[in-house]
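**Student:** The following block contains the structure, expressed as structure tokens.
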């Protein structure tokens, strides 16, 4: 951020009066430009003993497999965002059965939320997917998953499925967790 | 948003190529300025048969009672944000026991998350609180609560406490829910 989005003057990165951390502050009009984490919402669509994955047609991690998920938009609820992303990426509808993983990624200012659900009807690759397919546990392409959040969600699911109980799992992804996927920067 | 925060030129509010909704787009440098919901994180601090509430020293809803909660910052996890807000508003530490309510407020682009926990040690009013106090169920100032999210979280808690089971509750707040607190705009 270089300029104030309200008045167009250059901003400073300083600690505003009464605050405890630096913000982008416009000295001309006084606007403080707060920056906050974004939510990535998606689903784990289940069909019998299979789960649905999407092969990414876009960067980052083009060609790797992911669950349908993406940035939540203004005006949406979290389940609505998860359902929309599933529709966009996998042309699929899911009967949502609750929030399943909430994974914090503080080093990239994201909170990842996956809702578990039952896949309803057909599916197909949306514009951001090269391919959409169903996988049994022994078919999951563990070495070709796009993100550590996806691997963690799938490992929770196959473990929880053995006792048919699917509680919410809250955890953090560290920069080290991400290195296996993206290499060190 | 009137100006591009990257290059300082005026922005347009248009649907970018390949997108499906209007965004603030800079025609000069091509930057698309996405806007996304923000997370409000906080805690429900429990001490025996009492819960901790804070009387707000700031607008909105100055003088009304709330749970310690506030906007999650970049670089934090959701539990860390909840704990920080509790420290700031109630000078209190809480042993967190899981995410308890996740309430979507799509009409104001917020997602509210409360973690339930055990209050540890002392507490006091932080700079954003006029007063911090413990309340038994029959002492809760139901008509003086700050927000519908707070009322809903407390009602879930006192109901769940009867069977000592505290599952996550996911729900939405509608504009009508808020009218009782803020009046119609």
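Residue numbers (the numbering used here), protein chains in the order written: chain A, 16 to 200; chain B, 16 to 200.
Think of the CB as a built atom: it goes at the ideal place given N, C-alpha and C, for glycine as much as any other residue.
Please read these numbers as outputs of a predicted model, since none were measured by experiment.
#1: Drop a sphere of 10 angstroms on the beta-carbon of residue 60 (chain B), count the other beta-carbons inside from all chains shown, and report buried for 16 or more, exposed for fewer.
#2: Please compile the residues from chain B whose C-beta is within a distance smaller than 7 Å of the C-beta of residue 53 (chain A).
#3: Whether or not the segment 185-198 of chain A and the segment 16-35 of chain B are in contact is what I'm after, with contact meaning three or more pairs of Cβ atoms, one per stretch, closer than 8 Å; do they touch?
#4: Just grab the DSSP bridge partners of residue 146 (chain B) for me.
#5: Just how far apart, CA to CA, sit residue 207 (chain A) and residue 170 (chain A)?
#6: Please confirm whether residue 57 (chain A) has its beta-carbon closer than 8 Å to some beta-carbon of chain B.
#7: Go through its chain and collect everything with a Cβ distance to residue 53 (chain A)'s Cβ below 8 Å, but skip five positions before and after it.
#8: Determine the direct distance from the alpha carbon of residue 90 (chain B) to that of residue 71 (chain B), and round the result to whole angstroms.
#9: Do residue 66 (chain B) and residue 172 (chain B) have their CB atoms nearer than 8 Å?
#10: So residue 94 (chain B) and residue 82 (chain B) are in contact, right, with Cβ under 8 Å, and what is the actual spacing, rounded?
#11: Could you check whether the Cβ of residue 121 (chain B) sits closer than 8 Å to any Cβ belonging to chain A?
#12: Rank A:43, A:41, A:103, A:175 by C-alpha distance to the C-alpha of residue 147 (chain A) and give the top, closest one.
#13: Can you list, in chain order, the residues of its chain whose CB lies under 7 Å from that of residue 19 (chain B), leaving out five sequence neighbours each side?
#14: Verify the CB distance criterion: does residue 187 (chain A) have a CB-CB separation below 8 Å to chain B?
#15: What residue from B:75, B:31, B:36, B:113 has the CA that sits closest to residue 181 (chain B)'s CA?
#16: Using 10 angstroms around the beta-carbon of residue 179 (chain A), count the other beta-carbons present and answer buried if the total reaches 16, otherwise exposed.
#17: Does the Cβ of residue 128 (chain A) lie closer than 7 Å to at least one heavy atom of the ligand FAD?
#18: Cβ of residue 19 (chain A) less than 8 Å from any chain B Cβ?
#19: Could you have a look at residue 56 (chain B) and say whether DSSP puts it in helix, strand or coil?
#20: Quick one: list the residues of chain A neighbouring residue 86 (chain B), beta-carbon separation under 9 Å, in chain order.
#21: In the structure shown, what three-state DSSP assignment does residue 169 (chain A) receive?
#22: Buried or exposed: where does residue 168 (chain B) fall if 16 or more other Cβ atoms within 10 Å of its Cβ makes it buried?
#23: Mind checking if residue 67 (chain A) is an interface residue toward chain B, Cβ cutoff 8 Å exclusive?
#24: Helix, strand or coil for residue 20 (chain A)? Go by DSSP, reduced to three states.
#25: Between residue 132 (chain B) and residue 100 (chain B), which are expected to be in contact by the criterion C-beta below 8 Å, what is the C-beta distance as a whole number of angstroms?
#26: Tell me the DSSP bridge mates of residue 132 (chain B)?
#27: Less than 8 Å separating the beta-carbons of residue 145 (chain B) and residue 78 (chain B)?
#28: What residue from A:106, A:164, A:116 has the CA that sits closest to residue 136 (chain A)'s CA?
#29: Quick check: the Cα distance between residue 130 (chain A) and residue 68 (chain A), rounded to an integer number of angstroms?
#30: On the three-state DSSP scale, how would you describe residue 189 (chain A)?
#31: If distances are taken between C-alpha atoms only, which option among B:128, B:193, B:96, B:51 comes closest to residue 96 (chain A)?
#32: Please tell me whether residue 190 (chain A) and residue 80 (chain A) are closer than 8 Å, where the distance is taken between their beta carbons.
#33: Within the continuous beta strand (DSSP E) that includes residue 38 (chain A), where are the two ends?
#34: Where residue 192 (chain A) and residue 162 (chain A) are concerned, what is the direct C-alpha to C-alpha distance, given to the nearest angstrom?
#35: Using only the alpha-carbon positions, how far apart do residue 122 (chain A) and residue 16 (chain A) sit?
**Tutor:** In short:
#1: What you label residue 60 (chain B) is simply residue 45 of the second chain in a count that begins at 1. By the neighbour-count rule (16 or more Cβ atoms within 10 Å), residue 60 (chain B) is buried.
#2: Taking the first chain and counting its residues from 1, one reaches residue 53 (chain A) at position 38. The answer, in chain order, is 51.
#3: Contact fails: fewer than three Cβ-Cβ distances are below 8 Å.
#4: Working through the second chain from its first residue, we reach residue 146 (chain B) at position 131. For residue 146 (chain B), which the question treats as bridged, DSSP gives the partners B:70.
#5: Nothing about residue 207 (chain A) can be reported from this structure: the residues present for chain A run from 16 to 200 only.
#6: Counting from 1 along the first chain, the entry for residue 57 (chain A) is found at position 42. Any Cβ of chain B closer than 8 Å to the Cβ of residue 57 (chain A) would place that residue at the interface, and such an atom is absent.
#7: Residue mapping note: residue 53 (chain A) aligns to position 38 of the first chain, counting from 1. These residues qualify, in order along the chain: 86, 87, 124, 125, 126.
#8: Position 56 of the second chain, counted from the first residue, corresponds to residue 71 (chain B). Position 75 of the second chain, counted from the first residue, corresponds to residue 90 (chain B). Each residue's alpha carbon lies about 26 Å from the other.
#9: In the second chain, residue 66 (chain B) corresponds to position 51, counting from 1. In the second chain, residue 172 (chain B) corresponds to position 157, counting from 1. For residue 66 (chain B) and residue 172 (chain B), yes; Cβs fall inside 8 Å.
#10: Taking the second chain and counting its residues from 1, the one referred to as residue 94 (chain B) is at position 79. Taking the second chain and counting its residues from 1, the one referred to as residue 82 (chain B) is at position 67. About 15 Å; that fails the 8 Å criterion.
#11: Here the question's residue 121 (chain B) lines up with position 106 in the second chain. Output row for residue 121 (chain B): interface = yes.
#12: Stepping through the first chain from its first residue, residue 147 (chain A) is reached at position 132. When each option's Cα is compared against that of residue 147 (chain A), the closest is A:103.
#13: On the second chain, residue 19 (chain B) is found 4 positions in, with the first residue counted as 1. Only 26, 41, 43, 44, 46 meet the Cβ criterion.
#14: Locating residue 187 (chain A) in the first chain gives position 172, counting from the first residue. With 8 Å as the cut-off, residue 187 (chain A) counts as an interface residue toward chain B.
#15: As a first step, residue 181 (chain B) must be located in the second chain, where it is residue number 166. For residue 181 (chain B), the closest alpha carbon among the candidates B:75, B:31, B:36, B:113 is that of B:113.
#16: For this step, residue 179 (chain A) is matched to residue 164 along the first chain. That one is exposed.
#17: Judged by which ligands are present, the structure shown has none, so any question about the ligand FAD falls away.
#18: Here the question's residue 19 (chain A) lines up with position 4 in the first chain. Interface residue, yes.
#19: Looking up residue 56 (chain B) in the second chain gives position 41. Three-state result, residue 56 (chain B): strand.
#20: Residue mapping note: residue 86 (chain B) aligns to position 71 of the second chain, counting from 1. Simply 49, 51.
#21: Stepping through the first chain from its first residue, residue 169 (chain A) is reached at position 154. In this structure, residue 169 (chain A) counts as helix in the three-state DSSP scheme.
#22: Here residue 168 (chain B) corresponds to residue number 153 of the second chain, with the count starting at 1. Answer is buried; the Cβ neighbour count reaches 16.
#23: Counting from one through the first chain, the residue named residue 67 (chain A) turns up at place 52. No, its Cβ sits nowhere closer than 8 Å to a Cβ of chain B.
#24: Taking the first residue of the first chain as 1, we reach residue 20 (chain A) at position 5. Three-state DSSP puts residue 20 (chain A) in coil, outside helix and strand.
#25: As a first step, residue 132 (chain B) must be located in the second chain, where it is residue number 117. As a first step, residue 100 (chain B) must be located in the second chain, where it is residue number 85. About 12 Å separates the two Cβ atoms, so there is no contact after all.
#26: Within the second chain, the letter at position 117 stands for residue 132 (chain B). Answer by DSSP bridge pairing, in chain order: B:60, B:111.
#27: Sequence index remark: in the second chain, residue 145 (chain B) carries index 130 (1-based). Sequence index remark: in the second chain, residue 78 (chain B) carries index 63 (1-based). Their beta carbons are under 8 Å apart, which means residue 145 (chain B) touches residue 78 (chain B) by this criterion.
#28: Here residue 136 (chain A) corresponds to residue number 121 of the first chain, with the count starting at 1. When each option's Cα is compared against that of residue 136 (chain A), the closest is A:106.
#29: Here residue 130 (chain A) corresponds to residue number 115 of the first chain, with the count starting at 1. Here residue 68 (chain A) corresponds to residue number 53 of the first chain, with the count starting at 1. So the two alpha carbons sit approximately 14 Å from each other.
#30: Along the first chain, one-based indexing puts residue 189 (chain A) at 174. Correct three-state label for residue 189 (chain A): coil.
#31: Looking up residue 96 (chain A) in the first chain gives position 81. Cα-wise, what sits closest to residue 96 (chain A) is B:51.
#32: By 1-based counting over the first chain, the position of residue 190 (chain A) is 175. By 1-based counting over the first chain, the position of residue 80 (chain A) is 65. Going by C-beta atoms, residue 190 (chain A) is not nearer than 8 Å to residue 80 (chain A).
#33: Position 23 of the first chain, counted from the start, is the residue given in the question as residue 38 (chain A). 38-40 is the extent of the beta strand (DSSP E) around residue 38 (chain A).
#34: To locate residue 192 (chain A), count along the first chain from 1; it is residue 177. To locate residue 162 (chain A), count along the first chain from 1; it is residue 147. Computed Cα separation, rounded: 9 Å.
#35: Position 107 of the first chain, counted from the start, is the residue given in the question as residue 122 (chain A). Position 1 of the first chain, counted from the start, is the residue given in the question as residue 16 (chain A). Rounded to the nearest angstrom, the two C-alpha atoms are 18 Å apart.
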